[in-house]
Structures are given as C-alpha cells and as structure tokens.
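Residue numbers (the UniProt record's numbering): 1 to 41.
Below: one structure, written as structure tokens.
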Amino acid sequence: MEQSPVVVLYYDMAVRFISNRIKGLKPNAMNLLNLKEVVKE
C-alpha cells in the first residue's frame, strides 16, 4: 500500500443563471462559452 499510485478525482461544477430571453446557449464538456448560436429575444 505504501507504493500504490494515488489518483485524485476532481469534479468542476459550473452554474450559470440565464435569462429566459436568451436562446441557444448550450453547456459543453470543456465549459467553454460558445456564442455562435446564441440569440437574445
């Protein structure tokens, strides 16, 4: 057990508050903000 590898698991959580007037904003795995398809109504 002294020489066993250690794997650290980390889960990053992103919370976004979005107005109902914003359409097309989709979350992705890399937490990037892609605004190509976003429309404000």
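Heads up, the beta-carbon is just placed ideally off N, CA and C, and yes, glycines get one too.
All values derive from a computational prediction rather than experimental measurement.
Query raised in the report: Between Ala14 and Glu41, what straight-line distance do the alpha-carbon atoms span, to the nearest angstrom?
Result: 24 Å
Query - Close beta carbons around Ile18, own chain, < 8 Å, minus the five adjacent residues each side - result: Leu25
Query - Best match in Ile22, Val38, Tyr11 and Val39 for proximity to Ala29 [C-alpha to C-alpha] - result: Tyr11
Report task. Classify Val39 as helix, strand or coil using the three-state DSSP reduction. Result -> strand
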